[in-house]
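In what follows, a structure is listed as structure tokens, so that the remarks can point back to it.
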Amino acid sequence: MPRIHQLPHNVVTKIAAGEVIERPSSVVKELLENSVDAGATRIDVEVEQGGAELIRVVDNGCGIHADDLPLAFASHATSKLTNADDLFNVQTLGFRGEALASIGGVAQVTLQSRPADESCGAEITCHGGDLSPVRPWNGTPGTRIEVRHLFYNTPVRRKFLRTPATEMGHIGEAVTRIALGNPNLHLTLRHNGKPVYDVPTSAGLRDRIGLFFGAEVSEQIYPVEAEQGPVTLRGFIADPACERGTAKLQYLFLNGRWIRDRSLAHALQEAYRGLLMTGRYAVAFLFMEMSPELVDVNVHPTKTEVRFRDAQAMHHLIFAAVRNKLQREDLTGRLRVSSTLAPPQAQEPSEPPWSFEPPPPLASYLPFPTAPRVAPGHVQAAPPEAASSAPTADSAADFPRPPMHLNGAKAIQLYDAYLVLETPEGMLVIDQHALHERILFEQLKARVGSATLEKQQLLIPESVELTADQAARTLEQRTALAELGLDVEDFGGGALLVTSYPAILGNRSPQEILRAVVDYLTSKERPPSREALLNDLLSLMACHAAVKAGDHLTPEAIAELIALRALAQDTHHCPHGRPTSLLFSRHDLDRQFRRI
0 MPRIHQLPHN
10 VVTKIAAGEV
20 IERPSSVVKE
30 LLENSVDAGA
40 TRIDVEVEQG
50 GAELIRVVDN
60 GCGIHADDLP
70 LAFASHATSK
80 LTNADDLFNV
90 QTLGFRGEAL
100 ASIGGVAQVT
110 LQSRPADESC
120 GAEITCHGGD
130 LSPVRPWNGT
140 PGTRIEVRHL
150 FYNTPVRRKF
160 LRTPATEMGH
170 IGEAVTRIAL
180 GNPNLHLTLR
190 HNGKPVYDVP
200 TSAGLRDRIG
210 LFFGAEVSEQ
220 IYPVEAEQGP
230 VTLRGFIADP
240 ACERGTAKLQ
250 YLFLNGRWIR
260 DRSLAHALQE
270 AYRGLLMTGR
280 YAVAFLFMEM
290 SPELVDVNVH
300 PTKTEVRFRD
310 AQAMHHLIFA
320 AVRNKLQRED
330 LTGRLRVSST
340 LAPPQAQEPS
350 EPPWSFEPPP
360 PLASYLPFPT
370 APRVAPGHVQ
380 AAPPEAASSA
390 PTADSAADFP
400 RPPMHLNGAK
410 AIQLYDAYLV
420 LETPEGMLVI
430 DQHALHERIL
440 FEQLKARVGS
450 ATLEKQQLLI
460 PESVELTADQ
470 AARTLEQRTA
480 LAELGLDVED
490 FGGGALLVTS
500 YPAILGNRSP
510 QEILRAVVDY
520 LTSKERPPSR
530 EALLNDLLSL
540 MACHAAVKAG
550 DHLTPEAIAE
560 LIALRALAQD
570 THHCPHGRPT
580 SLLFSRHDLD
590 RQFRRI
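The sequence shown begins at 0 in numbering that gives the first Met the number 0 and counts up by one.
Written out as structure tokens, the structure is:
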């Protein structure tokens, strides 16, 4: 029988690191929290290769005494607690005393620090848990930490790191949370020598939201304030029109600490009930302040989960405050002028660019063989060389144009959403959007398979503001998106440039298209396979290009859609699984009217 024995120190540090240090962003988070706890008013973060090679954090905080430097890398050594009772009155972001010990166990760390009242500072290094002697350091007051070659001594964990762009996205998210939770902090972030964020002290909360998430969010948020007993709530909630496909833009902070809490997230969503469609999520930035005695933060090693003494009261506070604010605001949808409708040159338009027009006939929506509509401000991509030119209406690879009649069958449109068709079997009720979505999906899939999908170049690329994590995930799939005609480029700071988009989508907003793609990508816990990605994005594109409920169709357009139905394969369901039609047989009709 194996005997019990004490684990070596280097094994203990690696085990501890596995709980606290998951990836480079975990290092950035822990170091930033230490700097904030040290009273820093400015923190500069520099990263190389997504943090795998270098993470440097410099602050102007209180510094560390030279005699305490070796203790900084000791497990469970901290200046933030003195006894067990302090665990129930935590007033700092960090308190476990594990961060530096964990980081030092899996990286090569140099720690340099000088208290403001000392004439000279000191430095120490920790390589895989091995400490050097303390040496003098002639630096400015504050603390400077360099973390190099993360996981150099645990190659298995290093192998599981993602691309630098992805890891940088996670680091950007860690910086975002600290910057939002500490409005009096000047914070900068650089990657491979290039500036990513520079958040000055003068930037208020709304300004910071705009910096990280763009004007689209910051211009659609309402301030919210509430108080319930010893708890105060403040922050911003977004107009329902600013909803997202995931809950990633729901930021909750408690006493400056970013937290995750299912109960509070549920309260937020419930407050928006009836204002958001199923599967859509509200955008909010909420900050709660309460006595540390009313909450337990010693729940999880990452300190992101907490336990409230009165969770039900917290749920009620969030729900009531958000709901009351939404009821007081005028949430009537506002018409927003699309940049895609602006003329390429600055000139006085003869009529407002947002004037309404009757919906175009169905042929305007169909990709083959009808030529796509080109929106003002766009230019159609030049045709390829003759050897690889796109098929014409007479090409065998193309879908033939159907005859503009129904072979004597009678069809009408109801509620500008459903088509009712007489067939030999009975009365067929067709969802015009679901059917057109299926037809476009199969046509798109055929075009992608034959590499003949047309794209529409933008004269002026459109900038789309995203979070760092969203931008990183999107850039990871840049090749797959290009296959679908959607070309994006990194514009820095979480912004992406859309340079072209599928011609089938006509004059639909490239921003709207990209945001739908981003919502899809960020809703996945892990990247889908290439086949699944293409299939899902083709479904998404088909959905955006198809006629909608509310589009009035001419008799010719109805005839064209029904004729195309005969050319598609799986017309009984749309790509998302919804039925496209319901058949009421002649027999059933006769029975309902008691003819038989």
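Heads up, the beta-carbon is just placed ideally off N, CA and C, and yes, glycines get one too.
Same chain, Cβ closer than 6 Å to residue i, five either side skipped, listed in chain order
i	result
Arg-176	Trp-257
Arg-113	Gly-62, Gly-120, Gly-138, Pro-140
Val-56	Leu-30, Val-44, Ile-144
Gly-425	Leu-582, Phe-583, Ser-584, Arg-585
Phe-211	Thr-175
Gly-244	Asp-518, Ser-522
Leu-263	Leu-251, Ile-317
Cys-542	Glu-436
Gln-5	none
Leu-248	Val-282
Glu-384	Because Glu-384 sits at a pLDDT of 37, beneath the cut-off of 50, its placement in the model cannot be relied upon, and the following sentence gives the value as read from the coordinates. There are no such residues.
His-377	A caution first: His-377 carries a pLDDT of 38, below 50, which makes its placement in the model too unreliable to give a value.
Contacts around residue i, its chain only, beta-carbon distance under 7 Å, and the 5 residues preceding and following it disregarded
i	result
Glu-350	Unreliable positioning characterises Glu-350 in this predicted model, as indicated by a pLDDT of 36, which lies under 50. The coordinate reading is nonetheless provided below. None.
Pro-229	Met-289, Ser-290, Leu-293
Leu-427	Leu-420, Ser-580, Leu-582
Ser-462	Phe-490, Ala-494, Leu-496
Thr-570	Leu-434, Arg-437, Arg-564, Thr-579
Leu-160	Arg-22, Ala-51, Glu-166
Arg-577	Ala-433
Phe-72	Leu-99, Ala-100, Gly-103, Cys-125, Leu-130
Pick from the options that is closest to residue i, judged by C-alpha positions
i	options	result
Thr-162	Val-517, Ser-24, Leu-496, Pro-460	Ser-24
Ala-37	Thr-142, Phe-72, Ala-240, Glu-453	Thr-142
Gln-442	Leu-537, His-314, Leu-413	Leu-537
Val-19	Ala-416, Ile-561, Gly-104	Gly-104
Glu-488	Glu-482, Val-516, Leu-496	Leu-496
Thr-498	Ala-467, Gln-510, Arg-205	Gln-510
Leu-418	Val-155, Glu-555, Pro-222	Glu-555
His-64	Val-282, Ala-225, Asp-116	Asp-116
Arg-134	Asp-66, Ser-74, Glu-226	Asp-66
Ile-102	Gly-128, Val-223, Gln-455	Gly-128
Arg-514	Ala-562, Leu-263, Glu-215, Leu-110	Glu-215
Ala-51	Ile-170, Leu-92, His-126, Gln-5	Ile-170
Asp-430	Phe-159, Ala-225, Gln-476, Leu-560	Leu-560
Ala-240	Tyr-280, Lys-302, Asp-535	Tyr-280
His-148	Leu-53, Ala-266, Ala-100, Cys-125	Leu-53
Gln-455	Ser-508, Ala-410, Ala-545	Ser-508
Leu-188	Leu-267, Gly-49, Leu-439, Met-313	Gly-49
Gly-484	Glu-122, Ile-512, Gly-492	Ile-512
Gly-192	Glu-47, Gln-107, Tyr-271	Glu-47
Thr-466	Ala-416, Glu-482, Pro-460, Leu-520	Leu-520
Asp-197	Arg-205, Ala-178, Arg-472	Ala-178
Ala-545	Val-516, Leu-439, Val-195	Leu-439
Pro-526	Thr-473, Gln-568, Ala-310	Thr-473
Residue i, buried or exposed, once every other Cβ within 10 Å from all chains shown has been counted against 16
i	result
His-435	buried
Ile-595	exposed
Leu-596	The displayed coordinates of the chain run from 0 to 595. Any statement about residue 596 would go beyond what the structure contains.
Tyr-414	exposed
Met-540	buried
Asn-59	buried
Gly-549	exposed
Glu-606	There is no way to answer for residue 606, as the model of the chain reaches only from 0 to 595.
Met-167	buried
Ala-470	buried
Lys-158	exposed
Val-27	buried
heavy atom of the ligand NAP below 7 Å from residue i C-beta
i	result
Gln-456	The ligand NAP is absent from the structure shown, which contains no ligands of any kind.
Residues that DSSP places opposite residue i in a beta bridge
i	result
Gly-141	Arg-113
Tyr-280	Arg-243
Tyr-500	Gln-455
Leu-285	Gly-234, Leu-251
Ser-462	Leu-496
Leu-418	Gln-412, Ile-429
Val-108	Cys-125, Val-146
Gly-120	Trp-136
Tyr-661	Nothing can be reported for residue 661, as the shown portion of the chain is limited to 0 through 595.
Tyr-196	Leu-188
Cβ shell of residue i (< 8 Å), same chain only, five flanking positions each side left out
i	result
Asn-183	Thr-40, Thr-200
Val-223	Leu-232, Arg-233, Gly-234, Phe-235, Ile-236, Leu-285, Ala-320, Val-321, Lys-324
Asn-181	Val-35, Gly-255
request  = Examine the Cβ distances between the stretch 501-511 and the stretch 441-454 and report whether three or more of them are shorter than 8 Å.
outcome  = yes
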